[in-house]
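All residue numbers in the sequence shown are consecutive under numbering that gives the first Met the number 0, ending with 392. Written below as structure tokens is the structure these notes are about.
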Amino acid sequence: MFSEKIVQSLSGGSFIRAMFEQGENLRKQYGPDKVFDFSLGNPDPEPPLKVKEDLIRLVTEDNPRLHGYMPNAGYADVREKVAAYHARETGLPIKGDHVVMTCGAGGALNVVLKSLLNPGEEVIVFAPFFMEYLSYISNYDGKCVIVPTDTKTFLPDAEALKAHITPRTKAIIINSPNNPTGVVYDRATLEKLAQAISEKEKELGITVYVISDEPYRKIVYDGIELPRILNIFKNSILVDSFSKSLSLPGERIGYIVANPAIENIDTLMAALIYCNRILGFVNAPALFQKLIADNLDQVVDIGIYKERRDLLYNSLTEMGYECIKPGGAFYLFPKSPIEDDTEFARRAMKYNLIIVPGSGFRCPGFFRLAYCVSMKTIENSLPAFKALLEEFR
């Protein structure tokens, strides 16, 4: 009766959403103050004050046609501002014609993959990774190829990447700062990946596109450098959103920036714009295009997240949990004290702790904690984490 492909996909579902729904049930049973839900990466801080003030100004001033249609790629003036921002960051000759405004990073990734993939072509992802990549790739009959990372660092290995590049490889998705680990890929690692890709492109006579999914690009700590993907990979396409950096996940606003060095860049941009239309997005939200155009340098108070990271990380490691200290995003990815991370997550619910098993990110033996929650939630959860760990000593 229905799409067999979709019905089969329903059985897998989303680990994150499933755990969030479990949390909803527990909140109804025990009350929200007694449930410690670390499942969903839903930003807790409010958007910056300037963003709120600009939003009020936009909706109250005389601004003809603010809510009307515009070119499918987005407002020309907004695209020019986004291009100028990235041109300043990278020194590359990025123009408005290299930018497409999108319905968030999820919409952008679907537009990019639709524009690139032929049926059966391969997209490489590094585990652990955001699980929706599997569905996004499958949407266009692509094949997802999973390359594990070293779980001591969660950094991708260039030799492992080379071993997985085949004549069918069309793209590689990079996500740094990473969801779920919070790890930031350093310049040396990325340059090794770029060299590996270049060698395989020459060997196989193919072009491999690097898609950089960067919704957490502004959420980095401790003075860590976030290398510019567009400066490292020639055939690179940057995907960004304001869901995390400005705490606007429900507004679905983001963009694509294509490296101007890509061969046949005009055809690629035409394809991206066409796919933005035919996938049903039509165009990115008009009001929020105008809003973000004047707030490209704004970011939520990163100190809020850093304070929460430090409290949760320091507390858990002192208890005996093993965890890499994240350099960005708002996730911890501790090692499960038992091999079966799904069972560990189930046992955690006895203490009203809602966590996401690492298996949901194709990295069993770990679990994810989204610390974009209140400090009170973190503080009140610590005795529960301690009691949970004691079960396995």
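Cβ coordinates follow ideal geometry from the N, Cα and C atoms, glycine included.
For residue i: DSSP bridge partner residues
{"i": "F366", "result": "P356"}
{"i": "P147", "result": "A126"}
{"i": "I264", "result": "Paired residues: none, contrary to the question."}
{"i": "I255", "result": "V99, V238"}
{"i": "K334", "result": "F365"}
{"i": "V219", "result": "G327"}
Coil, strand or helix - residue i by DSSP
{"i": "A83", "result": "helix"}
{"i": "I291", "result": "helix"}
{"i": "D43", "result": "coil"}
{"i": "D300", "result": "coil"}
{"i": "Y29", "result": "helix"}
{"i": "F35", "result": "strand"}
{"i": "G327", "result": "strand"}
{"i": "E121", "result": "strand"}
{"i": "K142", "result": "strand"}
{"i": "M0", "result": "coil"}
{"i": "N351", "result": "coil"}
{"i": "D309", "result": "helix"}
{"i": "N275", "result": "helix"}
{"i": "K243", "result": "coil"}
{"i": "P63", "result": "coil"}
{"i": "E250", "result": "helix"}
{"i": "E321", "result": "coil"}
{"i": "N282", "result": "coil"}
{"i": "T316", "result": "helix"}
{"i": "Y132", "result": "helix"}
{"i": "V182", "result": "coil"}
{"i": "K94", "result": "coil"}
{"i": "D156", "result": "coil"}
Residue interval of the beta strand (DSSP E) (run including residue i)
{"i": "K169", "result": "168-173"}
{"i": "I164", "result": "No beta strand (DSSP E) contains I164, which DSSP labels as neither H nor E."}
{"i": "D212", "result": "208-212"}
Boundaries (first-last residue) of the alpha helix (DSSP H) holding residue i
{"i": "V58", "result": "48-59"}
{"i": "I377", "result": "374-389"}
{"i": "N230", "result": "228-231"}
{"i": "F343", "result": "340-347"}
{"i": "T188", "result": "186-203"}
7 Å Cβ cutoff, residue i in contact with chain C
{"i": "E202", "result": "Any reference to chain C falls outside this structure, which holds one protein chain only."}
Cβ separation of residue i and residue j, assumed to be a contact under 8 Å, to the nearest whole Å
{"i": "S53", "j": "L290", "result": "One detail in the question is off: residue 53 reads as Asp in this sequence, not Ser. Confirmed, about 6 Å."}
{"i": "L160", "j": "I123", "result": "7 Å"}
{"i": "P336", "j": "F384", "result": "With a Cβ gap of about 11 Å, P336 and F384 do not count as contacting."}
{"i": "V50", "j": "L295", "result": "Their Cβ separation, rounded to whole angstroms, is 11 Å, which puts V50 and L295 out of contact at 8 Å."}
{"i": "K169", "j": "L115", "result": "6 Å"}
{"i": "R367", "j": "G357", "result": "7 Å"}
*Count the C-beta pairs between the stretch 195-212 and the stretch 233-245 that are closer than 8 Å, then say yes if the count reaches three, no if not.*
yes
*asked:* So, does the stretch 72-87 touch the stretch 319-330, judging by three or more C-beta pairs under 8 Å?
replied: no
*With contact counted as at least three CB pairs below 8 Å, one residue from each stretch, are the stretch 34-46 and the stretch 364-377 in contact?*
yes
_Segment contact, 8 Å Cβ cut-off, at least three pairs: the stretch 219-230 with the stretch 239-253_ = no
*Quick check: the stretch 294-314 against the stretch 96-112, are there 3 or more CB pairs under 8 Å?*
no
*Segment contact flag, the stretch 161-177 with the stretch 190-203, C-beta cutoff 8 Å, min 3 pairs*: yes
*Does the stretch 331-345 come within contact of the stretch 268-285, defined as at least 3 CB pairs closer than 8 Å?*
no
*Tell me, please, whether the stretch 353-367 touches the stretch 124-133 by the rule of three or more beta-carbon pairs shorter than 8 Å.*
yes
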